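If you want the working numbering, it's the 1-based position in the sequence shown plus 32. For each residue, glycine too, the CB sits at the ideal point set by N, CA and C. Quantities reported herein were computed from a predicted structural model and do not represent experimental measurements.
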Amino acid sequence: MIARKTFAVYDSRGESLGELALRLLDEQKKSWKQLADGSVSLDAAQVRTVECSGFNVKLQWNAGRIASTAAEVDDKSIRGRKCFLCVENLPIEQKGVLFDNTYLVLCNPAPIFSRHFTVSHVQHIPQSIESSFGDFLELAQKSPRFSVFYNGPKCGASAPDHLHFQMSPRNAIPVETDSVDARRRKVLKKSPSVALLGLKRYGRSVVVVESIDKDALSEFFGKFLSSWKCVLGVPEEPMLNMICTFREMVWRLILFPRVKHRPDVYFKKGNERVLISPAAVDMGGLMITPVETDFRRMDAKMIEEILDEVSLKQKALDQIIKRL
Ligand SMILES: [Zn+2]
Numbered sequence: 033m034i035a036r037k038t039f040a041v042y043d044s045r046g047e048s049l050g051e052l053a054l055r056l057l058d059e060q061k062k063s064w065k066q067l068a069d070g071s072v073s074l075d076a077a078q079v080r081t082v083e084c085s086g087f088n089v090k091l092q093w094n095a096g097r098i099a100s101t102a103a104e105v106d107d108k109s110i111r112g113r114k115c116f117l118c119v120e121n122l123p124i125e126q127k128g129v130l131f132d133n134t135y136l137v138l139c140n141p142a143p144i145f146s147r148h149f150t151v152s153h154v155q156h157i158p159q160s161i162e163s164s165f166g167d168f169l170e171l172a173q174k175s176p177r178f179s180v181f182y183n184g185p186k187c188g189a190s191a192p193d194h195l196h197f198q199m200s201p202r203n204a205i206p207v208e209t210d211s212v213d214a215r216r217r218k219v220l221k222k223s224p225s226v227a228l229l230g231l232k233r234y235g236r237s238v239v240v241v242e243s244i245d246k247d248a249l250s251e252f253f254g255k256f257l258s259s260w261k262c263v264l265g266v267p268e269e270p271m272l273n274m275i276c277t278f279r280e281m282v283w284r285l286i287l288f289p290r291v292k293h294r295p296d297v298y299f300k301k302g303n304e305r306v307l308i309s310p311a312a313v314d315m316g317g318l319m320i321t322p323v324e325t326d327f328r329r330m331d332a333k334m335i336e337e338i339l340d341e342v343s344l345k346q347k348a349l350d351q352i353i354k355r356l
C-alpha cells in the first residue's frame with residue numbers, strides 16, 4: 033500500500049530529504065487539484081505585523097485554513113472520522129517521500145507556508161513526543177533548509193491519534209530569528225553539552241534548548257518532561273508545541289509550554305467569536321486567522337491576552353527548571 037503512494041524513497045547516498053520534498057511539491061502542484069487550490073489560497077493570503085509589548089506578531093489571513101483552525105479534536109469526533117493521515121485514506125492523487133521506512137513526507141494541502149509539509153508516521157500510532165523525540169531531531173538534521181515542528185495531542189495537532197510532525201522553510205516562523213537575538217537571550221541553565229535559555233520580553237512562556245550532542249539533548253529533554261509532569265502531578269505528556277532547527281551543527285529546540293489549547297474567545301458566540309487556535313506556528317509569532325474580520329480586529333492587546341492565557345504560567349515554568 034505504501035509503495036503505491038510513494039513518490040520517492042529517501043536514501044542518505046542520494047538527493048537530500050529537502051530536495052526530494054521540493055520535487056514532490058512541484059510535481060503535486062501539477063497533479064493534485066486540492067493542493068493547487070490550497071496554494072492559490074495561500075498566494076491570496078494577507079499578512080500584517082502587529083507591534084506588541086516587547087515583540088512583534090505577524091497575522092496571516094488565510095481562508096484556506098478554516099477547516100484546520102475549526103477542527104473538532106475531542107475524542108468522540110476523532111473516533112468518528114476516518115484518519116486523514118493513514119496511508120489507505122490519503123487522496124488517490126497524494127504521493128509522498130518515504131523517510132527511514134517509517135515516515136512519509138507529504139505536501140500539506142492547506143499550506144501556511146509556500147513550502148509546507150506534513151511528516152506522518154506510516155502506522156496509525158498516537159501523537160507523542162516521548163516516543164518520537166529521536167526521530168524529531170533526526171528529521172531536523174536531515175533537512176537543514178527547513179524547520180520541523182510538533183504540536184501536542186491536546187494543543188494543536190489536528191490528528192492527535194496519528195503521529196506526525198510538520199516542516200516549514202527555515203526562519204519563516206518569527207521566533208526562529210528572535211531566539212538567536214543576543215539582546216533577547218537569557219541563559220537559565222548551562223552544562224558542558226546543553227544550554228537552556230529564556231527569551232526576554234516575549235509575552236508567553238518559552239524555553240530554548242541548544243546542543244551539538246544528540247544524546248545529551250535527548251537526555252535533557254527527558255528530564256525536562258519528567259520534571260514538568262512532577263510539577264503538574266500528571267502521568268501524560270504535558271501540553272506543548274515545539275520547533276526544532278539544525279543549523280551549523282547545533283540543534284535548537286524552541287518549546288512553548290501550554291495550559292490551554294484554545295482561548296476563551298474561540299468559544300464565544302456570534303460576532304464575539306475569534307477563530308484562532310494557537311499551535312506551534314502561532315505561538316512562534318505567525319498567527320493564522322482564517323476569518324477576515326478577525327484579521328482586521330486583532331490588536332496588540334488581544335494578541336497579548338491570548339498568548340498569556342494559553343501559556344503555562346511563569347511560576348510553574350520556574351518550578352520545572354528548578355527541579356532539573
Ligand atoms: Zn491514522
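- A distance below 8 Å separates the beta carbons of S152 and Y135.
- In the structure shown, I275 adopts extended strand secondary structure according to DSSP, grouped into three states.
- Under a 10 Å Cβ-count criterion, E208 is classified as buried, with 16 or more other Cβ atoms of the shown protein chains found around its own Cβ.
- Boundaries cannot be given for T134, as no beta strand (DSSP E) includes it and DSSP labels it neither H nor E.
- With at least 16 other beta carbons inside 10 angstroms of its own, I286 counts as buried.
- Per DSSP, reduced to three states, the secondary structure at Q198 is strand.
- Pairwise C-beta distances place the stretch 180–188 in contact with the stretch 310–323, as three or more of them are shorter than 8 Å.
- Relative to ligand 1, even the nearest heavy atom lies 7 Å or more away from the CB of L136.
- The stretch 280–296 and the stretch 234–242 touch, with no fewer than 3 CB-CB distances between them shorter than 8 Å.
- In the structure shown, M334 falls within a helical segment according to DSSP collapsed to helix, strand and coil.
- In the three-state scheme derived from DSSP, where H, G and I count as helix and E and B as strand, C118 is classed as coil.
- Here E170 carries a helix assignment [DSSP, helix/strand/coil].
- Not a single heavy atom of ligand 1 lies less than 7 Å from the C-beta of H293.
- D326 is classed as buried because its beta carbon has at least 16 other beta carbons within 10 Å across all chains shown.
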